[in-house]
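*Asks:* Encoded as structure tokens, here's the structure I'll be asking about.
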Amino acid sequence: MRLPLLAAGLTMSMAGAALAQSAVGGTTSTASVADLVAEGYEIKAAVPNGAKYVVFLQKDRKAYACEFVNLTASRCGEIK
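Numbering of the sequence shown is given in our numbering, commencing with residue -12 and proceeding in unit increments.
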């Protein structure tokens, strides 16, 4: 029972770090989740982050973390 909780906590920590890196590193993308899915990125995970959700997408060796601001807007950053 503890392993899923640990994995969820680690994933949420990674989400915060990925979005913080995007904001600080200047790599925030203007692409939305819909744009990335249309480009062939697959949704690998989605985790709650307070009142918002963070979605992880991956294609080949490139990955993005996207935070939903509301139902129609998201901000995405490449995970490097």
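Just so you know, even glycine gets a beta-carbon here, dropped at the ideal spot from N, CA and C.
For VAL56, report the span of its beta strand (DSSP E) as first-last.
*Replies:* No beta strand (DSSP E) contains VAL56, which DSSP labels as neither H nor E.
*Asks:* Consult DSSP for ALA25 and reduce its assignment to one of helix, strand or coil.
*Replies:* In this structure, ALA25 counts as helix in the three-state DSSP scheme.
*Asks:* Tell me ARG62's beta-bridge partners as DSSP assigns them.
*Replies:* Paired residue(s): GLU54.
*Asks:* Hey, how far is the Cα of SER9 from the Cα of TYR51?
*Replies:* With a pLDDT of 43 at SER9, under the threshold of 50, the predicted position of this residue should be treated as unreliable, and no value is reported.
*Asks:* Going straight from the alpha carbon of ALA18 to that of ILE66, what length do you get?
*Replies:* Rounded to whole angstroms, ALA18 to ILE66 spans 14 Å at the Cα level.
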